[in-house]
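Numbering (our numbering), first residue to last: 98 to 457. Glycine is no exception: its CB is placed at the ideal position from the N, C-alpha and C atoms. What you are looking at is a predicted structure, and each value in this text was computed from that prediction instead of being measured. In what follows, a structure is listed as structure tokens, so that the remarks can point back to it.
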Ligand SMILES: *Cc1c(COP(=O)(O)O)cnc(C)c1O
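So, in structure tokens, the structure goes:
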């Protein structure tokens, strides 16, 4: 079977080795006579999967013992609500740095819960960049500061994080978790929907400092309470068992490649191929993001005019490239090159871009 040249933004490409293994285990998991999806979430087999996925994530991201790892549902979008519901104490504020559509949505939801305020935004410059750290002044009474580390839609990424914060940093890492090392100790909480870098959709990873669990009030709805999920090891209700199983497989694959540092090297190499195709095109391709804020995960660009952009997208599709149209809110083109997108596929895309430019 020929694998598609898949540049979808999410759900996105999964490692071929992961799919092949899942296919094998789908009908009969470890000689149980049951497929993965048929196992009880209270069974020994599933408990082992749940624990192994957590352990792998801890090892790969060097998560310290005083942090809790939760597997939840509802996508990153539910975290837009759960974060303020659990962490935004009455009489305080929460600061949001808005660097794209997802950050805007996070702030919008937080405002429904409490006093959430925009601390900095790059909206007036069409989200082409990440703000200077010097522009970010966090009121000292804030419950937390929220950022989006990679802006999936606009193709920008934070390369330096605010340091010496006196309030917990909360980061939406949906589209760049596991793509590079992360210093957990400078974060209070990180969250990520799985469907970009971690597996299929259906499971959301939340990693938070155990001190923050004290803020989750008993009166919160149980399903929205971090403490409830932490106390029940993410088995408070029926978890998305198949997604957690896939998460485990993707993490095993990441480990087998040499871990997060190795993935980061590959990601830099892949991104450089496409940014070179853009930068060496004499303006034929125009990158959306400012150079210092460029994402290693989502490469956004346009062509000189709309007609050329459509014929680029059309010809790309004919040549087998999937998912290159930009997000409907931005237009243009976007190549999402998460961990699982093979280098060879990115090389093919860079070649295609260069040949298309020469032909036009
Ligand atoms: C995709 C994405 C989301 C939304 O995730 P859902 O799982 O669909 O809720 C939120 N934030 C970022 C940065 C994303 O890339």
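So the alpha helix (DSSP H) residue i belongs to, where does it begin and stop?
| i | result |
| --- | --- |
| residue 453 | 440–456 |
| residue 203 | 198–210 |
| residue 407 | 403–415 |
| residue 351 | 338–353 |
With DSSP as the reference, please indicate the residues paired to residue i in a beta bridge.
| i | result |
| --- | --- |
| residue 363 | Paired residue(s): none; residue 363 is not in a bridge. |
| residue 254 | 247 |
| residue 422 | 430 |
| residue 96 | The structure shown does not extend to residue 96, since the chain is modelled only from 98 through 457, so no value can be given for it. |
| residue 391 | 253 |
| residue 459 | Because residue 459 is not part of the residues shown, which for the chain are 98 to 457, the question remains open. |
Between which two residues does the beta strand (DSSP E) carrying residue i extend?
| i | result |
| --- | --- |
| residue 269 | 266–269 |
| residue 397 | 395–400 |
| residue 323 | Per DSSP, residue 323 belongs to no beta strand (DSSP E); it is in the alpha helix (DSSP H), 323–328. |
| residue 306 | 301–306 |
| residue 214 | 213–218 |
| residue 290 | 286–290 |
| residue 382 | 382–384 |
| residue 377 | Residue 377 -> no beta strand (DSSP E), and no H or E assigned at all. |
| residue 282 | Careful: residue 282 lies outside any beta strand (DSSP E) and carries neither H nor E. |
| residue 432 | 430–433 |
Mind reading off the beta-carbon distance from residue i to residue j? Whole number of angstroms is fine, and I expect it under 8 Å.
| i | j | result |
| --- | --- | --- |
| residue 167 | residue 331 | 5 Å |
| residue 321 | residue 179 | 5 Å |
| residue 432 | residue 446 | 6 Å |
| residue 112 | residue 282 | At roughly 29 Å, the Cβ-Cβ gap does not stay under 8 Å, so residue 112 and residue 282 are not in contact. |
| residue 313 | residue 183 | 5 Å |
| residue 339 | residue 134 | 5 Å |
| residue 295 | residue 344 | 6 Å |
| residue 192 | residue 214 | 6 Å |
| residue 337 | residue 299 | 4 Å |
Would residue i pass as an interface residue toward chain D - the criterion being a Cβ-Cβ separation below 7 Å?
| i | result |
| --- | --- |
| residue 100 | The structure shown contains no chain D; it is built from a single protein chain. |
### Task
Could you pull out every unbroken beta strand (DSSP E) segment of at least 3 residues lying fully inside the stretch 119–197, listed in chain order?
164–169 and 190–195
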